[in-house]
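Have a look at the structure below, then the notes.
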Amino acid sequence: MCLAIPSKITQIENNMAVIDVDGVRRECSLLLVEDAQVGEYVIVHAGFAISKLDETAALETLALLREAAALVEAKGGQREEPGE
Amino acid sequence: MTIKHIEEYRDAELARQLAEQIKRTSRRPVRLMEVCGTHTVSIFRSGIRSLLPETVSLLSGPGCPVCVTDQAEIDAFIEVSKQPEVIVATFGDLMRVPGSTSSLQAERAEGRDIRVVYSTMDALAIARNHPEKQVVFLGVGFETTAPTIAAAILSAAAARLDNFSVLAAHKTVPQALDALMSVEDVRIDGFILPGHVSVIIGLNAYRPFFDRHRIPCVVAGFEPADILQAIVSLIEQIESGKARLVNGYPRAVTEAGNRKAQEILARVFEPADACWRGIGLIPSSGLRIRAAYAAHDAGRRFHLNAVEAGPPKGCACGEILTGKKTPPECALYKKVCTPMDPVGPCMVSSEGTCAAYYRYHY
Ligand code: SF4
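Protein chains in written order, with my numbering: chain A, 6 to 89; chain B, 13 to 374.
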């Protein structure tokens, strides 16, 4: 039931959005999210956007992951916890 | 078009490095439970199991909505489809779940009007187009799905769509985790918490559970790197003896969760006791439609004969949902029970553990 892939909002009308999921056009309701805008990414579940995606947090977690992986190679076991 | 970071979360080299960390840091054998069915599927699809050392066992928990739906609830769904002048609208996963004597699919073959929808909005549209019929939506799912059903009920109430109602069997995750910890013979060393339930309820919703049990917990996203990162964190917590509640999915999950969805959910539903397949009655782990929306509550509208039937004979879904057994340990697995001819819901649902094992040749 969960679409784990984030979808891009391409159009909004009456609390309904047209979204682009990996190139496929679909519709979803915006009733459950606060002020979503065209161009933003949302997570969609059963036809409803349930969250906007925080791209900054996404890139931060990745950076921490990479850093931690490198640190582990050097230190052998210790790492920082990303995302807390 | 996808966002740039998605590709990076799927990067095989990053996955390899994370798996390497797990191998290096994991010493004692651990049993980790992924609570969410979407995680189960993602773990199989991405081949994460083959990357993990022998010390790490992954168990699938009670996070497939169809799988935890009690037999009596399935029977009630079938019962309502037999009522005169009713159109049943449902998510596709429920169609083939065997009830005590029938299934929705079998009822449809008998001529009942049962329609598969993608969203509650589709069900509302059916109600609008068929004012002469009663449209009943079958509501299963956790805190991710329940707000979408609540939103539909609010829309129906606002539009005076009196022929739309919901037969609700929703369940809530933190209460189930609590109950799991007290099931006999269950041994779990850490939880990979569901990403999209957490989007709605927020990290804070797990705090009471975490404070009571002090067991390592990480909320995870659904890409391979997300899941591996969660395992890295869990192993680290277990090895160091310091349990934490970690948000490993901060791009979607916040401390407080989605307040708008929580507010809509709370306006329509109130907590109620619920029966879970394989676990039994868990206090306050379900959601009941509030009296103010009784007109849209199919349970109140149709007086259904609740028959207490018990699970299909020989099906080990209950033990599988609590991590006590894996599907190959069920005597019926692959012999009698297949996705073409399923005995229990764990083989029916696309998120079910038995179906995932079957599909990926375990
Ligand atoms: S293999 Fe079939 S019968 Fe056995 S537990 Fe799974 S669904 Fe039930």
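Yeah, the Cβ is synthetic: ideal placement off N, Cα and C, and Gly gets one too.
*Taking a cut of 8 Å between CB atoms, which residues from the stretch 37-56 of chain A lie near chain D?*
No chain D appears in this structure, whose protein chains are A and B.
*Throw me the rounded Cβ distance for the B/His-51 and B/Ile-204 pair, which I believe falls under 8 Å.*
Within the second sequence, the letter at position 39 stands for residue 51 of chain B. Within the second sequence, the letter at position 192 stands for residue 204 of chain B. Confirmed, Cβ separation roughly 6 Å.
*Would you mind telling me which residues of chain B sit closer than 7 Å to A/Leu-70, beta carbon to beta carbon, in chain order?*
On the first sequence, position 65 is the one that residue 70 of chain A refers to. Chain B residues near A/Leu-70: Leu-26, Ala-237 and Gln-241.
*Quick one: which unbroken alpha helix (DSSP H) runs of 4-plus residues sit fully inside the stretch 146-210 of chain B? Chain order, please.*
158-170 and 185-193
_Here's the rule I'm using: 16 or more other beta-carbon atoms within 10 Å means buried, otherwise exposed. How should B/Gln-29 be labelled?_
For the purposes of this step, residue 29 of chain B is taken as the residue at position 17 of the second sequence. Buried is the call here.
*asked:* In this structure, how does DSSP classify A/Ala-41 when only helix, strand and coil are distinguished?
replied: Taking the first residue of the first sequence as 1, we reach residue 41 of chain A at position 36. A/Ala-41: coil per DSSP, three-state reduction.
*Roughly how many angstroms lie between the CA atoms of B/Gly-260 and B/Ile-243, to the nearest whole one?*
Residue numbering aside, residue 260 of chain B sits at position 248 when the second sequence is read from its first letter. Residue numbering aside, residue 243 of chain B sits at position 231 when the second sequence is read from its first letter. Each residue's alpha carbon lies about 10 Å from the other.
*Specify the secondary structure class of B/Ala-286 as computed by DSSP and reduced to three states.*
Locating residue 286 of chain B in the second sequence gives position 274, where the first residue counts as 1. Strand, per DSSP.
*Confirm the yes/no value for this check: CB of B/Leu-333, any heavy atom of ligand 1, distance under 7 Å.*
In the second sequence, counting from the first residue as 1, residue 333 of chain B sits at position 321. No; taking the cut-off as 7 Å, the Cβ of B/Leu-333 has no heavy atom of ligand 1 nearer than that.
*Look at B/Val-42 and B/Thr-67 and say whether their C-beta atoms are less than 8 Å apart.*
Against the second sequence, residue 42 of chain B aligns to sequence position 30. Against the second sequence, residue 67 of chain B aligns to sequence position 55. Result yes, Cβ atoms of B/Val-42 and B/Thr-67 sit closer than 8 Å.
*Using a beta-carbon distance cut-off of less than 8 Å, what residues from the stretch 186-218 of chain B approach chain A?*
Gly-207, His-208, Val-211 and Ile-212
*Taking only runs that begin and end inside the stretch 77-113 of chain B, name each unbroken alpha helix (DSSP H) of 4 or more residues, in chain order.*
77-80 and 83-93
*Do three or more CB pairs link the stretch 50-59 of chain A to the stretch 208-221 of chain B at distances below 8 Å?*
yes
_Identity of the residue in B/Gly-298, B/Cys-79 and B/Leu-189 nearest B/Arg-108 by Cα_ = Within the second sequence, residue 108 of chain B is the residue found at index 96, counting from 1. Considering only alpha carbons, the answer is B/Cys-79.
*What are the partner residues of B/Cys-229, as DSSP defines its beta bridges?*
The residue you call residue 229 of chain B lines up with position 217 of the second sequence. Answer by DSSP bridge pairing, in chain order: B/Phe-203 and B/Leu-257.
*Chain-ordered chain B contacts of A/Ala-22 [CB-CB under 9 Å]*: By one-based count along the first sequence, residue 22 of chain A stands at place 17. Per Cβ cutoff of 9 Å: no residues; A/Ala-22 is ~12 Å from chain B at best.
*Could you confirm whether any beta carbon from chain A is found closer than 8 Å to the beta carbon of B/Pro-262?*
In the second sequence, counting from the first residue as 1, residue 262 of chain B sits at position 250. True, the Cβ-Cβ gap to chain A drops below 8 Å.
*In this structure, does DSSP put B/Gly-330 in helix, strand or coil?*
Your numbering for residue 330 of chain B matches position 318 in the second sequence. B/Gly-330: helix per DSSP, three-state reduction.
_Determine, for A/Asn-19, whether the minimum Cβ-Cβ distance to residues of chain B falls below 8 Å._
For the purposes of this step, residue 19 of chain A is taken as the residue at position 14 of the first sequence. With 8 Å as the cut-off, A/Asn-19 does not count as an interface residue toward chain B.
*Alpha carbon to alpha carbon, how far is B/Ile-247 from B/Ala-255? Give it in angstroms, no decimals.*
As a first step, residue 255 of chain B must be located in the second sequence, where it is residue number 243. As a first step, residue 247 of chain B must be located in the second sequence, where it is residue number 235. Distance between the alpha carbons of B/Ala-255 and B/Ile-247 is about 10 Å.
_Within a Cβ cutoff of 7 Å, which residues of the same chain sit near B/Ala-368, ignoring the five residues on either side of it in sequence?_
As a working note, residue 368 of chain B is residue 356 in the second sequence. Hits under 7 Å: Thr-52, Val-53 and Phe-56.
_Neighbour flag for A/Leu-35 against chain B, beta carbons, 8 Å_ = Translated into the one-based positions of the first sequence, residue 35 of chain A becomes position 30. With 8 Å as the cut-off, A/Leu-35 does not count as an interface residue toward chain B.
*CB contact below 8 Å: B/Asn-270 versus chain A*: Sequence index remark: in the second sequence, residue 270 of chain B carries index 258 (1-based). Interface residue, yes.
*asked:* Let me check understanding here. Comparing Cα to Cα, which of B/Pro-110, B/Arg-127 and B/Ser-72 lies closest to B/Glu-85?
replied: For the purposes of this step, residue 85 of chain B is taken as residue 73 along the second sequence, with counting starting at 1. By alpha-carbon distance to B/Glu-85, the top candidate from B/Pro-110, B/Arg-127 and B/Ser-72 is B/Pro-110.
*asked:* Three Cβ pairs or more, each shorter than 8 Å: is that satisfied between the stretch 323-334 of chain B and the stretch 176-188 of chain B?
replied: no
_In this structure, how does DSSP classify A/Arg-71 when only helix, strand and coil are distinguished?_
Taking the first sequence and counting its residues from 1, the one referred to as residue 71 of chain A is at position 66. The answer is helix: DSSP assigns A/Arg-71 an H, G or I state.
*Mind checking whether the beta-carbon of B/Met-107 lies closer than 7 Å to any heavy atom of ligand 1?*
Your numbering for residue 107 of chain B matches position 95 in the second sequence. Checking every heavy atom of ligand 1 against the Cβ of B/Met-107, none is found closer than 7 Å.
*Determine whether the Cβ of B/Tyr-305 lies closer than 8 Å to any Cβ atom of chain A.*
Counting from 1 along the second sequence, the entry for residue 305 of chain B is found at position 293. No, no contact with chain A.
*Neighbourhood of A/Gly-52 by C-beta distance below 8 Å, restricted to the same chain and skipping five residues each side*: Walking along the first sequence from the start, residue 52 of chain A turns up at place 47. Hits under 8 Å: Glu-32, Cys-33 and Ser-34.
*According to the neighbour-count rule (16 or more other Cβ atoms, all chains shown, within 10 Å of its Cβ), is B/Pro-96 buried or exposed?*
Against the second sequence, residue 96 of chain B aligns to sequence position 84. With a threshold of 16 other beta carbon atoms within 10 Å, B/Pro-96 falls short and is exposed.
_Segments of 3+ residues assigned as beta strand (DSSP E) that fall wholly inside the stretch 16-81 of chain B_ = 42-46 and 68-72
*If B/Asn-270 and A/Leu-36 are in contact, beta carbons under 8 Å, what's the gap, nearest whole angstrom?*
The count along the second sequence starts at 1 and reaches residue 270 of chain B at position 258. The count along the first sequence starts at 1 and reaches residue 36 of chain A at position 31. With 8 Å as the limit, B/Asn-270 and A/Leu-36 do not qualify as a contact, their Cβ atoms being about 11 Å apart.
*Cβ-heavy atom distance between A/Pro-11 and ligand 1 below 7 Å?*
Counting from 1 along the first sequence, the entry for residue 11 of chain A is found at position 6. Incorrect: A/Pro-11 has no Cβ contact closer than 7 Å to ligand 1.
*Whole-angstrom distance between B/Ser-115 and B/Phe-149, CA atom to CA atom*: To locate residue 149 of chain B, count along the second sequence from 1; it is residue 137. To locate residue 115 of chain B, count along the second sequence from 1; it is residue 103. Near 16 Å, if we compare the C-alpha coordinates of B/Ser-115 and B/Phe-149.
*Which whole-angstrom value is the C-beta distance of B/Ala-163 and B/Val-129, which I expect to be below 8 Å?*
Residue 163 of chain B sits at position 151 when you count from the first residue of the second sequence. Residue 129 of chain B sits at position 117 when you count from the first residue of the second sequence. Actually they do not touch by this definition, with Cβ atoms about 14 Å apart.
*Which same chain residues, not among the five before or five after B/Tyr-305, have their C-beta less than 6 Å away from its C-beta?*
On the second sequence, position 293 is the one that residue 305 of chain B refers to. Excluding residues within five positions, the ones whose Cβ falls inside 6 Å are Ile-165 and Val-280.
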